[in-house]
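Residue numbers (our numbering), protein chains in the order written: chain A, 1 to 164; chain B, 165 to 689.
Note that the Cβ used here is the ideal one computed from N, Cα and C, for glycine as well.
Just so you know, these numbers come straight off a predicted model, no measurement behind them.
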Amino acid sequence: MVDIQQHADTLQCRFVLRPNRSLSWRGSLLFYFSLLIISSGIAIGLTLLGFWPVLPFAGLEMLALGIGLYVVACRCYECEVISINGDSIRIERGRDYPREQWTLGRMWARVVLERCPRAWYPSRLLIRSHGRSVEVGRFLDEEERQRLADELTRSLRPALVGNL
Amino acid sequence: MSTATHVHVEHHDAPPRGIWRWLSATNHKDIGTLYLVFSLIMFLIGGCMALIIRAELFQPGLQFVTPQFFNQMTTMHALVMVFGAVMPAFTGLANWLIPMMIGAPDMALPRMNNWSFWILPFAFTLLLSTLFMQGGGPAGGWTLYPPLVLQTGNAFPFVILSVHMMGISSIMGAINVIATILNMRAPGMTLMKMPLFVWTWLITAYLLIAVMPVLAGGVTMLLTDKFFGTSFFNAAGGGDPVMFQHIFWFFGHPEVYIMILPAFGVISMIIPTFARKPLFGYSSMVYATASIAFLSFIVWGHHMFTVGMPLAGELFFMYATMIIAVPTGVKVFNWVSTMWKGSMTFETPMLFAIAFVILFTIGGFSGLMLAIAPADFQYQDTYFVVAHFHYVLVTGAVFSLMAAAYYWLPKWTGHMYDEKLGKIHFWLSVIGVNILFFPQHFLGLAGMPRRIPDYALQFAEFNALSSIGAYIYGFSQLLFVYIVIKTIRSGEKATDQVWEGARGLEWTLSSPPPYHSFTTAPEVH
Numbered sequence: 001m002v003d004i005q006q007h008a009d010t011l012q013c014r015f016v017l018r019p020n021r022s023l024s025w026r027g028s029l030l031f032y033f034s035l036l037i038i039s040s041g042i043a044i045g046l047t048l049l050g051f052w053p054v055l056p057f058a059g060l061e062m063l064a065l066g067i068g069l070y071v072v073a074c075r076c077y078e079c080e081v082i083s084i085n086g087d088s089i090r091i092e093r094g095r096d097y098p099r100e101q102w103t104l105g106r107m108w109a110r111v112v113l114e115r116c117p118r119a120w121y122p123s124r125l126l127i128r129s130h131g132r133s134v135e136v137g138r139f140l141d142e143e144e145r146q147r148l149a150d151e152l153t154r155s156l157r158p159a160l161v162g163n164l
Numbered sequence: 165m166s167t168a169t170h171v172h173v174e175h176h177d178a179p180p181r182g183i184w185r186w187l188s189a190t191n192h193k194d195i196g197t198l199y200l201v202f203s204l205i206m207f208l209i210g211g212c213m214a215l216i217i218r219a220e221l222f223q224p225g226l227q228f229v230t231p232q233f234f235n236q237m238t239t240m241h242a243l244v245m246v247f248g249a250v251m252p253a254f255t256g257l258a259n260w261l262i263p264m265m266i267g268a269p270d271m272a273l274p275r276m277n278n279w280s281f282w283i284l285p286f287a288f289t290l291l292l293s294t295l296f297m298q299g300g301g302p303a304g305g306w307t308l309y310p311p312l313v314l315q316t317g318n319a320f321p322f323v324i325l326s327v328h329m330m331g332i333s334s335i336m337g338a339i340n341v342i343a344t345i346l347n348m349r350a351p352g353m354t355l356m357k358m359p360l361f362v363w364t365w366l367i368t369a370y371l372l373i374a375v376m377p378v379l380a381g382g383v384t385m386l387l388t389d390k391f392f393g394t395s396f397f398n399a400a401g402g403g404d405p406v407m408f409q410h411i412f413w414f415f416g417h418p419e420v421y422i423m424i425l426p427a428f429g430v431i432s433m434i435i436p437t438f439a440r441k442p443l444f445g446y447s448s449m450v451y452a453t454a455s456i457a458f459l460s461f462i463v464w465g466h467h468m469f470t471v472g473m474p475l476a477g478e479l480f481f482m483y484a485t486m487i488i489a490v491p492t493g494v495k496v497f498n499w500v501s502t503m504w505k506g507s508m509t510f511e512t513p514m515l516f517a518i519a520f521v522i523l524f525t526i527g528g529f530s531g532l533m534l535a536i537a538p539a540d541f542q543y544q545d546t547y548f549v550v551a552h553f554h555y556v557l558v559t560g561a562v563f564s565l566m567a568a569a570y571y572w573l574p575k576w577t578g579h580m581y582d583e584k585l586g587k588i589h590f591w592l593s594v595i596g597v598n599i600l601f602f603p604q605h606f607l608g609l610a611g612m613p614r615r616i617p618d619y620a621l622q623f624a625e626f627n628a629l630s631s632i633g634a635y636i637y638g639f640s641q642l643l644f645v646y647i648v649i650k651t652i653r654s655g656e657k658a659t660d661q662v663w664e665g666a667r668g669l670e671w672t673l674s675s676p677p678p679y680h681s682f683t684t685a686p687e688v689h
């Protein structure tokens, strides 16, 4: 989903991009620990009866489940912030804090939506400036990406017009 | 209005073609197709084994195979059907349908999805190759009870490895299903708005994760008993062979529900469509599914009433098993209530669904008979048990898979199947399967033991009848293969909704659906 914060007087604009997620981090933990308790309860019970080989398999499986849920949860908490200020565009990407960031010149910026003619691959939204290009909104659906591309172009236009 | 610059780029890698497309597939539809095709092949292989069994049992005496090979066939038939046909078929349905039903673009972990499928062909090649090894394949039954299974020849470690591979595949599939359902539901798709098929799969995946390590640990202990001198199940070394039965059935009974809960989900999707009414008692269906899953953990002892259990144990497992009839009864009641005063039509998926409700209930009732501990002492290891679990797994799980195939085939392929041929397939199946399995109740009650290649003369008529039913049912499945191939290649163009009464997000997509589902967020009502 795309959250747009726009200041009409200052021509400043902020786009906050987040993927769809249907479970909170707390919910993921709750689900994981409910399974962990059941699985380890069974494995520990059998271990106490002397059938310990169940325990490492249960451990490995819970590790795999934990990694799977963690990877998906992390992906769902990914966030991109595009801030358009006076003459720069700042793009930040991360979860709790910006892990990667780029600053591009606003005057030369161009918003490009690349589509694969075969519709086999999803489209890619790029912000290009001075030969550099940054892809944004990878996790958005096609409609959201299209809308974001139009909004970004509209937000960049006043600067271009003003400059002319 | 200002718009972004649109560029059509050719520099993307070309979509993979030919075999590489399938080997490297990460798209949920491709992987779903792979699972379904694989399970159909396994269904035919397992079916051929069943026909060998029934050919031998057509008459008393030994006609075609040796007793050792007969036992290999019963063992392999079960392993192939359980782990190679039914489970992968439901995983295939999950792959195809769950993302489309919850409004997700794909499964949460697509690469893992690819691995979880591609382990299976290797696992089953390994398992089937044991038939050609010195000493033949495993012949001690799919339950792998020691000490009998430890007498397997060179095949033994390969069988254990293949079981591990199947387990790994199932676990990876379950992790993917859980991660997808929990994290990737479209906005507005709350848990209690999820289609029942999705709910049943979520609970199935939970069961799978909980019990698979028990199977893995159990078969590993068999391996160490055979090759590394341990005595987990060796009485001579202070171990307990009966404990393997406890361990196996602690996995095995939930496994039965792993194979039937998604079937409940399928039927709960199909009946409302053709009754043109919403499902009666949606939330009670969800709670009934969860209750069945919970109860499946505490009833394993009913598989081993005759091993010499304390009376308290017999009573506990007897009553716990009988309690399962309550949530199952809720489900059957809800399906019937959904049909009650509905504007029903009887297309092939609905015919299979109605047959499921009736015939699965027969399997459920014979299960109740088996749950009665004192009666079970007579039924234990007789053909009555064989009849019971085939009514549950064939007219239950397999019929639901057939119903699902006919129901969603137009959505998957974009073509309507041949309704006339579909109905012929249904009637041949339903007649064949009843001729096949119903007489086995009488055989069991008369005392015919299971897993024997020869039998006393008084069982001859019912066995001959059963074998005739097997051949009718078995060969009628070739018609199903023909119908599927015909539908893929040609047929009337299917509409997006396909069925007048169909509800759900998958029907809002085109038929066949685009390679990437839901390029715009779906609306959930």
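Residues that residue i contacts on chain B, provided the C-beta gap is smaller than 9 angstroms
i	result
A/Arg138	Ordered by position in chain B, no residue passes the 9 angstroms Cβ test against A/Arg138, which lies about 12 angstroms from the chain.
A/Ile38	Tyr370, Ile373, Ala374 and Phe461
A/Arg106	Per Cβ cutoff of 9 angstroms: no residues; A/Arg106 is ~15 angstroms from chain B at best.
Where residue i sits in the DSSP three-state scheme
i	result
A/Ser83	strand
A/Arg145	helix
B/Ser166	Low per-residue confidence applies at B/Ser166: pLDDT is 49, beneath 50, and the placement is therefore not dependable enough to give any value.
B/Glu625	helix
A/Arg99	strand
A/Gly94	strand
A/Ser133	strand
B/Thr238	helix
B/Thr394	coil
B/Thr546	strand
B/His410	helix
B/Ser593	helix
A/Leu164	Bear in mind that the predicted position of A/Leu164 carries a pLDDT of just 45, short of 50, making it too unreliable to give a figure here.
B/His680	coil
A/Met1	coil
B/Glu690	With chain B covering 165 to 689 only, the question about residue 690 of chain B has no answer from this structure.
B/Val430	helix
B/Phe254	helix
B/Ala620	coil
Whole-number beta carbon distance between residue j and residue i, since they are thought to touch under 8 angstroms
i	j	result
A/Leu104	A/Ser88	7 angstroms
B/Leu459	B/Ile488	5 angstroms
B/Leu312	B/Pro426	Between B/Pro426 and B/Leu312 the Cβ distance is about 32 angstroms, and since that is not below 8 angstroms, they are no contact.
B/Gly331	B/Thr255	Not confirmed; about 13 angstroms, so no contact.
B/Met237	B/Met213	5 angstroms
B/Met297	B/Ser447	B/Met297 to B/Ser447, Cβ: 52 angstroms. No contact.
Residue i - partner residues in DSSP beta bridges
i	result
A/Cys13	A/Gln6 and A/Ile84
B/Lys657	B/His579
A/Ile89	A/Ile84 and A/Leu104
B/Pro613	B/Thr546
Run of the alpha helix (DSSP H) containing residue i, from where it starts to where it stops
i	result
A/Arg26	Trp25 to Leu48
B/Arg349	Neither: B/Arg349 is in no alpha helix (DSSP H) and is coded neither H nor E.
B/His466	B/His466 -> no alpha helix (DSSP H), and no H or E assigned at all.
B/Val662	First-last for B/Val662: undefined, no H or E at that position.
B/Ile312	What sits at residue 312 of chain B in the sequence shown is Leu, not Ile. Neither: B/Leu312 is in no alpha helix (DSSP H) and is coded neither H nor E.
B/Ala287	Pro274 to Ser293
B/His192	His192 to Leu221
A/Glu61	Val54 to Cys76
A/Pro19	From DSSP, A/Pro19 is part of no alpha helix (DSSP H); its letter is neither H nor E.
A/Arg202	Since the first residue shown for chain A is 1 and the last is 164, residue 202 of chain A is missing from the structure and cannot be characterised.
Contacts of residue i in chain B (Cβ-Cβ under 7 angstroms)
i	result
A/Cys76	Asn347
A/Pro122	His680
Beta-carbon neighbours of residue i, restricted to chain A and to distances below 8 angstroms
i	result
B/Ala685	Asn20, Asp141, Glu143 and Glu144
B/Met385	Phe51 and Pro53
Residue i, enclosing beta strand (DSSP E) - first and last residue
i	result
A/Leu125	Arg124 to Ser129
Proximal residues of chain B, C-beta to C-beta of residue i below 8 angstroms
i	result
A/Ser28	Leu346 and Asn347
A/Val134	Within chain B, no residue comes near A/Val134; the closest Cβ sits about 14 angstroms away, beyond 8 angstroms.
A/Ala109	Under the 8 angstroms cutoff, chain B gives no residues; its nearest Cβ is about 11 angstroms from A/Ala109.
The ligand MG heavy atom lying under 6 angstroms from the CB of residue i
i	result
B/Asn278	The ligand MG is not part of this structure, which contains no ligands at all.
Residue i: contacting residues in chain A (beta-carbon distance under 7 angstroms)
i	result
B/Val558	None at all; the shortest Cβ gap to chain A is about 30 angstroms.
Chain A contact residues for residue i, given Cβ-Cβ distances below 9 angstroms
i	result
B/Ile411	Leu46, Phe51 and Val54
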